[in-house]
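Following: one structure in structure tokens, then a few remarks.
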Amino acid sequence: MQLIGFLFLFIIATSVVSKALGAKFEDDPDEIDKTLRNIAKDKG
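With the working numbering as the guide, the letters of the sequence shown map in order to residues 1422 to 1465.
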């Protein structure tokens, strides 16, 4: 359960950072989001 909670917080933090850097990295946030979703699916 702790791992899931940590992963959830990590996704939120990455989301915020991605939005903050959105102007600099226009394509990356979507790729990061897809990768995180795949990781989350693997974890169950």
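Cβ atoms here follow ideal geometry from the backbone N, Cα and C, with glycine treated the same way.
Just so it is clear, the structure is predicted and the values come from calculations on it, not from any experiment.
From the listed residues VAL1437, SER1439, ILE1432, the smallest Cα separation to ASN1459 is found for ILE1432.
The alpha-carbon of PHE1429 is positioned some 9 Å away from that of ALA1461. Note that the C-beta distance between LEU1424 and LYS1455 is not below 8 Å.
CA-to-CA, the gap between LEU1457 and GLY1426 works out to about 14 Å.
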